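Heads up: the sequence shown begins at 12 in our numbering, then just goes up one per residue.
Every residue, glycine too, gets a C-beta built ideally from N, C-alpha and C.
Computed from a predicted structure; not experimentally measured.
One structure is given here, and the rest of the page talks about it.
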Amino acid sequence: MTVKTTWYEADSRFIPGHYQPATLIDLALSRDIDSHRLLRGTGLFHEDILAGQTRLSPQQFLGLIGNSRRLLNADDSSFLFGQRLLPGHYGAASHALRHAQNLHQALDTLIQQQALLSPLMTPRLLLDERFAYIYWLDSCGAGEQWRFLLEAGMTSLVAMSQWLSGQRLPWECSFSHAEPRYVEQYWVHLGEQTRFERPLDLMRIPREYLARPWPGASATAGQVARQDALREIEHLGFAASFTDCLYAHLQDHVRQPPSLEQAAQHFSMSAATLKRKLHKHDTGFQQQVDRVRKHVALYLYQVKGMSNEEVADYLRFTDAANFRRSFKRWTGSTPNLIRQLLGGH
Numbered sequence: 012m013t014v015k016t017t018w019y020e021a022d023s024r025f026i027p028g029h030y031q032p033a034t035l036i037d038l039a040l041s042r043d044i045d046s047h048r049l050l051r052g053t054g055l056f057h058e059d060i061l062a063g064q065t066r067l068s069p070q071q072f073l074g075l076i077g078n079s080r081r082l083l084n085a086d087d088s089s090f091l092f093g094q095r096l097l098p099g100h101y102g103a104a105s106h107a108l109r110h111a112q113n114l115h116q117a118l119d120t121l122i123q124q125q126a127l128l129s130p131l132m133t134p135r136l137l138l139d140e141r142f143a144y145i146y147w148l149d150s151c152g153a154g155e156q157w158r159f160l161l162e163a164g165m166t167s168l169v170a171m172s173q174w175l176s177g178q179r180l181p182w183e184c185s186f187s188h189a190e191p192r193y194v195e196q197y198w199v200h201l202g203e204q205t206r207f208e209r210p211l212d213l214m215r216i217p218r219e220y221l222a223r224p225w226p227g228a229s230a231t232a233g234q235v236a237r238q239d240a241l242r243e244i245e246h247l248g249f250a251a252s253f254t255d256c257l258y259a260h261l262q263d264h265v266r267q268p269p270s271l272e273q274a275a276q277h278f279s280m281s282a283a284t285l286k287r288k289l290h291k292h293d294t295g296f297q298q299q300v301d302r303v304r305k306h307v308a309l310y311l312y313q314v315k316g317m318s319n320e321e322v323a324d325y326l327r328f329t330d331a332a333n334f335r336r337s338f339k340r341w342t343g344s345t346p347n348l349i350r351q352l353l354g355g356h
């Protein structure tokens, strides 16, 4: 079966310059960074952004982030950017966040409106009996800007939920990278429960916080804003990136991953076109397959509490040694070590 799907790609110009990019530009200008130096090489002009007409591609936005990191040269830049991101001033999607009645509704809005509220990274929500988990997918090949995006994205959720709930919520944040020298920024902005060198970049919170009512929400304003925001996504013509669509397809077939040719056929393109699109997003087909299988394996360990043998069987490995080798390639660690880490989080 072939599917006609629409999506955005790394070079699709759809991100309003006066939304998230302007937030980063304002942060840089507040620290006396020259706007011409800030926008050099991006193909952007500050006057056009101020006029509200400019649309950026993810590549241009990532170029702006790279320039900002270099020129600001400060450990707190990503965290301060994150503090200012949500709910934001991004039209109906921001109004829907502002009037979310609880954390669950806010997360649902963020996920549905990801193309408008978080175009460079895609949030995913998982639930088990005790916790809600949020993890992110790289939507457009962020490369060396990925850690900046992760720090900003997690900070934006912590800050928004604190503001709208009226209290600091007990988020716990995990990062796959090693503890950085500026770890105190993580403690200040994300809390002292932050952990490093974990299997996955994710946040978790006790599940009971999802449904606790938030005091400032207007149910009517929120409902109207959500309807308006859905119309904006329809007008945009897509709700997810190309790599997000591929991720979903591979997840649907995780027990028997399709070949490159089969995946290309699903998306009504040639294998060469699929390879070219993935290369444009700084990735390859096997990397995408491995990423999905890694995420599903970790989900089965963490949420379903499966044993090594059960996970290997679910992913249809006939040989335990082969599963261990594959798992080490996906995560850099053995299944037993990962189980210990997950148990200790």
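If I follow the unbroken alpha helix (DSSP H) through residue i, where does it start and stop?
i: Ala39; result: Gln31 to Ser41
i: Arg135; result: No alpha helix (DSSP H) contains Arg135, which is instead part of the beta strand (DSSP E) from Met132 to Leu138.
i: Glu320; result: Asn319 to Tyr325
i: Glu245; result: Ala230 to Leu247
i: Leu261; result: Phe253 to Asp263
i: Trp341; result: Ala331 to Thr342
i: Gly295; result: That residue, Gly295, is in no alpha helix (DSSP H); it is neither H nor E in DSSP.
i: Met280; result: Premise fails: Met280 is in no alpha helix (DSSP H) and is neither H nor E.
i: Glu58; result: His57 to Leu61
i: Ala107; result: Ala103 to Arg109
i: Gln94; result: Ser88 to Leu96
Measuring alpha carbon to alpha carbon, tell me which residue in the options is nearest residue i.
i: Val303; options: Ala259, Ala230 and Leu114; result: Ala259
i: Ala126; options: Arg206, His47, Tyr19 and Cys184; result: Tyr19
i: Gln31; options: Gly248, Pro134 and Phe72; result: Phe72
i: Thr166; options: Asp139, Asp212, Ile349 and Ala153; result: Asp212
i: Ser252; options: Phe186, Gln123 and Val314; result: Gln123
i: Ser129; options: Phe142, Leu114 and Leu108; result: Leu108
i: Arg51; options: Phe25, Asn78 and Phe296; result: Asn78
i: Arg192; options: Asp86, Leu353, Ala163 and Glu140; result: Asp86
i: Val300; options: Ser23, Leu257, Pro217 and Thr53; result: Leu257
i: Leu11; options: Ala33, Gln273, Arg42 and Glu320; result: This structure leaves residue 11 out entirely; the chain is present only between 12 and 356.
i: Leu261; options: Phe25, His188, Val194 and His277; result: His277
i: Ser318; options: Gln64, Phe207 and Ile349; result: Ile349
i: Arg327; options: Pro268, Ala170, Thr345 and Glu272; result: Pro268
i: Ala222; options: Asp59, Leu118 and Arg24; result: Leu118
i: Gln94; options: Tyr197, Phe249 and Ala236; result: Tyr197
i: Leu352; options: Ala21, Ser185 and Gly154; result: Ser185
i: Trp341; options: Leu67, Gln298 and Tyr310; result: Gln298
i: His290; options: Arg24, Ser172, Gly154 and Gly316; result: Gly154
CB residue i to CB residue j, shorter than 9 angstroms?
i: Asp324; j: Thr254; result: no
i: Leu49; j: Gly28; result: no
i: Leu38; j: Leu91; result: yes
i: Ile36; j: Leu82; result: no
i: Ala111; j: Trp225; result: yes
i: Ala240; j: His57; result: no
i: Leu168; j: Leu97; result: yes
i: Leu121; j: Cys151; result: no
i: Phe296; j: Lys286; result: yes
i: Ala331; j: Glu320; result: yes
i: Leu201; j: Val314; result: no
i: Arg218; j: Glu140; result: yes
i: His146; j: Leu180; result: The sequence as given places Tyr at residue 146; His does not occur at that position. No, they are not a contact pair.
i: Phe159; j: Ser270; result: no
i: Gly227; j: Gly177; result: yes
i: Ala21; j: Gln70; result: yes
Looking at the structure shown, is residue i part of a helix, part of a strand, or coil, going by DSSP?
i: His356; result: Only weak support exists for where His356 lies, its pLDDT of 45 falling under 50; the value from the coordinates is given anyway. Three-state result, His356: coil.
i: Leu211; result: coil
i: Tyr122; result: For clarity, residue 122 is Ile in the given sequence; the question names Tyr instead. The answer is helix: DSSP assigns Ile122 an H, G or I state.
i: Glu190; result: coil
i: Pro346; result: helix
i: Arg24; result: coil
i: Tyr220; result: helix
i: Leu67; result: strand
i: Arg48; result: helix
i: Arg158; result: helix
i: Arg80; result: helix
i: Arg287; result: helix
i: Arg179; result: coil
i: Arg266; result: coil
i: Lys15; result: Residue placement at Lys15 is flagged as unreliable, the pLDDT there being 49, under the threshold of 50; the coordinate-derived value follows with that caveat. Of the three classes helix, strand and coil, the one that applies to Lys15 here is coil, per DSSP.
Count the other CB atoms within 10 Å of the CB of residue i; is the residue buried (16 or more) or exposed (fewer)?
i: Arg242; result: exposed
i: Gly355; result: In this prediction, Gly355 scores a pLDDT of 48, lower than 50, which makes its location untrustworthy; the coordinate-derived value is nonetheless stated afterwards. Result: exposed.
i: Leu75; result: buried
i: Gln116; result: buried
i: Thr231; result: exposed
i: Lys288; result: buried
i: His292; result: buried
i: Val322; result: buried
i: Ser279; result: exposed
For residue i, report the span of its beta strand (DSSP E) as first-last.
i: Phe142; result: Phe142 to Asp149
i: Ser185; result: Glu183 to Ser185
Return yes when at least one heavy atom of the ligand COA lies under 8 angstroms from the C-beta of residue i, else no.
i: Gly316; result: Among the ligands in the structure shown, none appear at all, so the ligand COA cannot be discussed.
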